[in-house]
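Just below is one structure, and these are the notes that go with it.
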Amino acid sequence: MTIKSVLFDFDGTLADTLPLSFMAFRSVFLTYENKLMSNEDIVNTFGPTEEEIISIHLSNKDLVNEAIEHYYAFFEQQFHDCVVMPIDIIELLNDLSQQQIKMIIITGKSRRCLDICLKNLGIDHYFLSSIAGDEVNKSKPDPEGIFKAMELFQLKPEEVIFVGDSNADIVAGKSANLLTIGAHWFETVQNRTFSIEPDFIYKHTTDLKLLINNSRTKELLQEK
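Mapping the sequence shown onto the UniProt record's numbering, position 105 (from 1) lands on 105, and the numbers just tick up by one.
Rendered as C-alpha cells:
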C-alpha cells in the first residue's frame, strides 16, 4: 500500500493533553460532586465530548452549564503549564507535510476544546481538516468521523492509516477497513493495552515516519 493520508486521534496521540484533561475533570467533579476521581475513573467516562461527560455525570443538572465553564476555564488557564509540543511530533508533522501527506484529526473532543488546543499549540496549519466529537452523531468507536473525512477528501481506504492511543481509535479504524497504528509514544495514553490489536504499535514517532516513507519509496520504485 502507498500511504497518502493519515488520520490522527488527538489526545495522547498528537499532544500529551490527557494529564491536563484528567486535572480539569477532577476539579469539576471535586467542586460539583465532592467526588475525587482517579484517572481510571475519568477514562471510564470517555467517549462523549467534555460537555456530554459533565452533563451525564453531574447530579445537579441545574449546575451543568456552570460546571462546563469551570472545565474550560481550568483547561485553558493551566494549558501552558501542563502541555508542551514535543519536538518529535513537530518533526513528524513537518516530515509528512513535506511529503504532501493529507493529515486530518478525528477526535472525540468537543470543537471548543480542540480549538483551545490547536490555538495554544500552533499546529492547526498542518491539517486539511479536523472533525470533533460534537460534529458527528456517533463518536468513536463508531467510524462515522472517519467516513466523513474520507468522503470529504475522496480518500481510498487502501491509502489511509488511522493513528490513535485508545481502544475506540483502533475499533473505529478497523471498522473503516484502515490500517491501524497504536500510538504509545506518550507516557500517558488512554489505553496501555488494546482490546483489539492494532496492525502495529509504535512507541516512537520515527517508526510511523519509516512506515510512510517506505510505502512512498515502493511507489516510486514501481513507477520506474
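Just so you know, even glycine gets a beta-carbon here, dropped at the ideal spot from N, CA and C.
Assigned exposure category for residue i - 16 Cβ within 10 Å defines buried
| i | result |
| --- | --- |
| Gln190 | buried |
| Ser5 | buried |
| Ile196 | exposed |
| Asn94 | exposed |
Residue i, DSSP secondary structure in three states
| i | result |
| --- | --- |
| Asp199 | coil |
| Ile54 | helix |
| Gly122 | coil |
| Thr205 | helix |
| Leu220 | Residue confidence is low: Leu220 scores 46 on pLDDT, short of 50, so the model does not pin down where it sits. Its coordinate-derived value is still stated next. Leu220: helix per DSSP, three-state reduction. |
| Lys102 | strand |
| Ala172 | helix |
| Asp115 | helix |
Cα-Cα separation between residue i and residue j, rounded to whole angstroms
| i | j | result |
| --- | --- | --- |
| Glu66 | Glu50 | 13 Å |
| residue 242 | Ile3 | Summary: the structure shown does not reach residue 242, with the chain confined to residues 1 through 224, and so no result is reported for it. |
| Thr31 | Ala73 | 13 Å |
| Glu40 | Leu210 | 33 Å |
| Leu208 | Lys35 | 40 Å |
| Ile90 | Ser97 | 10 Å |
| Glu33 | Asp62 | 13 Å |
| Tyr202 | Phe29 | 34 Å |
| His184 | Asp165 | 6 Å |
Nearest neighbour of residue i, chosen from the options [CA to CA]
| i | options | result |
| --- | --- | --- |
| Asp11 | Val83, Glu40 and Leu30 | Val83 |
| Pro48 | Lys119, Pro141, Thr193 and Thr205 | Pro141 |
| Leu128 | Asn120, Gln154, Arg112 and Glu144 | Gln154 |
| Met85 | Glu76, Leu18, Ser59 and Gly122 | Gly122 |
| Lys138 | Leu7, Glu52, Thr13 and Phe29 | Glu52 |
| Thr193 | Asn167, Lys203, Lys156 and Leu118 | Asn167 |
| Phe79 | Asn120, Gln99, Asn60 and His70 | Asn120 |
Practice prompt. Decide yes or no for the touch test of the region 131-146 against the region 92-111: beta carbon pairs closer than 8 Å, at least 3 of them.
Written response: yes
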